[in-house]
Amino acid sequence: MAVNVHFTSCTTENLSRNEILAWVNRTLLSDFRKIEELCTGAAYCQMMDILFPGCVPLKRIKYCTNLEHDFINNLKLFQNTLVAMKIDKAVPIDRLVKGRFQDNFEFVQWFKKFFDVNYDGKEYDPQDARNHAPMGYGTPNTLKPSQRTNIAGGAAPKPGGITRNVEKKTTPTTALGKLKISETNNVLKEQFNALTQEKDDLTVRMQTVEMERDYYYQKLTQIEALLSEEATDENQDFCERAKEIMFAEN
Numbered sequence: 001m002a003v004n005v006h007f008t009s010c011t012t013e014n015l016s017r018n019e020i021l022a023w024v025n026r027t028l029l030s031d032f033r034k035i036e037e038l039c040t041g042a043a044y045c046q047m048m049d050i051l052f053p054g055c056v057p058l059k060r061i062k063y064c065t066n067l068e069h070d071f072i073n074n075l076k077l078f079q080n081t082l083v084a085m086k087i088d089k090a091v092p093i094d095r096l097v098k099g100r101f102q103d104n105f106e107f108v109q110w111f112k113k114f115f116d117v118n119y120d121g122k123e124y125d126p127q128d129a130r131n132h133a134p135m136g137y138g139t140p141n142t143l144k145p146s147q148r149t150n151i152a153g154g155a156a157p158k159p160g161g162i163t164r165n166v167e168k169k170t171t172p173t174t175a176l177g178k179l180k181i182s183e184t185n186n187v188l189k190e191q192f193n194a195l196t197q198e199k200d201d202l203t204v205r206m207q208t209v210e211m212e213r214d215y216y217y218q219k220l221t222q223i224e225a226l227l228s229e230e231a232t233d234e235n236q237d238f239c240e241r242a243k244e245i246m247f248a249e250n
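All the letters of the sequence shown, read from the start, carry residue numbers 1 to 250 under the UniProt record's numbering.
Following this line, the structure appears as structure tokens:
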């Protein structure tokens, strides 16, 4: 059974921001570069899987993102897990997703104490658990080269090994052609990433507009019902004029 902990800003033995960040990256083999980036919520989700295997649907976690709706998705997964584990701890999603230092620092300090109390020391491979998906703030392309190599699982060359260089005859025309193809591929990749980012941004905007539309439509419906219910001989003309304004096309 999960054990909850209580934390306040006056709690003693708090770790520094650098110590907390190093602990997160060491535990998850992630690439978070500052406390504010923990607003993605991905770290909390996978650390819950370390503590209570299978409690979080790992395939639904957005491990490397800079989009607020992904942050909300991750933090809601984390919140639902706390509820399922009967942990009485409110997750301030609205504040955390804003990426402010103080909010995220206070919350991760609580989680560090929660983790230490519940961790039983069992081995866990974070990269294997998330199918070697990169973890950090931004997109996979923004990770440091060393982190991308580590995540890819590529073996480093053995020191002191003998490498034989085999010269291949390549005509200048062939080399130039390969260079042009490589440059074209890089340009297309950048364009694809930019369009993907734009699509994600437009999706978020569309969702926001739809929420606003539904909100105001509900208000208009309530106003219409109120005008119909409260109409009397004395205010009948007012109610009718109000309805005309509400339903006017222009």
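Glycine included, each C-beta is placed from N, C-alpha and C at the ideal position.
Same chain, Cβ closer than 7 angstroms to residue i, neighbours up to 5 away in sequence not counted
i	result
alanine 231	Cys239
glutamine 197	none
isoleucine 151	With a pLDDT of only 35 at isoleucine 151, under 50, the local geometry of the prediction cannot be trusted, and no value is derived from it.
serine 30	Val24, Ala43, Met135, Gly136
leucine 200	At residue 200 the sequence reads aspartate, which differs from the leucine that was named. Leu67.
phenylalanine 78	Gly41, Tyr44, Cys45, Met48, Val91
asparagine 74	Thr40, Gly41, Ala42, Cys45, Ile61, Lys62
isoleucine 87	Ala2, Asn4
C-alpha gap between residue i and residue j, whole angstroms
i	j	result
lysine 98	glycine 138	15 angstroms
leucine 188	valine 3	50 angstroms
asparagine 66	glutamine 191	18 angstroms
isoleucine 72	valine 91	11 angstroms
valine 83	isoleucine 61	17 angstroms
lysine 122	glycine 54	14 angstroms
aspartate 120	glutamine 207	42 angstroms
methionine 246	leucine 220	8 angstroms
glutamine 236	arginine 213	29 angstroms
tyrosine 124	isoleucine 50	7 angstroms
tyrosine 44	asparagine 18	17 angstroms
valine 24	asparagine 193	28 angstroms
glutamine 46	isoleucine 35	17 angstroms
asparagine 185	aspartate 70	28 angstroms
aspartate 233	alanine 248	24 angstroms
alanine 42	glutamate 183	34 angstroms
glutamate 106	tyrosine 63	22 angstroms
phenylalanine 52	valine 204	32 angstroms
phenylalanine 101	proline 57	28 angstroms
glutamate 210	glutamate 229	29 angstroms
threonine 85	valine 108	Looking at the sequence itself, residue 85 is methionine, so the reference to threonine does not match. The alpha-carbon atoms of methionine 85 and valine 108 are separated by roughly 18 angstroms.
asparagine 80	arginine 130	19 angstroms
leucine 181	arginine 26	First, the amino acid is wrong: residue 181 is isoleucine here, not leucine. Cα to Cα, isoleucine 181 sits roughly 39 angstroms from arginine 26.
proline 140	lysine 59	17 angstroms
tyrosine 215	leucine 202	20 angstroms
leucine 195	alanine 225	45 angstroms
In DSSP terms, what residue i is bridged to
i	result
threonine 65	Tyr137
aspartate 31	Gly136
Own chain, CB closer than 6 angstroms to residue i, minus 5 neighbours either side, in chain order
i	result
asparagine 165	In this prediction, asparagine 165 scores a pLDDT of 40, lower than 50, which makes its location untrustworthy; no coordinate-derived value is stated.
valine 5	Lys113, Phe114, Val117
arginine 95	Asp103
glutamate 68	Val97
isoleucine 223	none
Inter-residue CB distance, residue i and residue j (contact presumed, cutoff 8 angstroms)
i	j	result
leucine 21	phenylalanine 32	6 angstroms
isoleucine 93	lysine 76	7 angstroms
leucine 38	asparagine 104	5 angstroms
Beta-carbon contacts of residue i that lie in its chain and below 8 angstroms, excluding the five residues immediately before and after
i	result
lysine 89	Asn4, Leu82, Trp110, Phe114
leucine 227	Cys239, Ala242, Lys243
tyrosine 217	none
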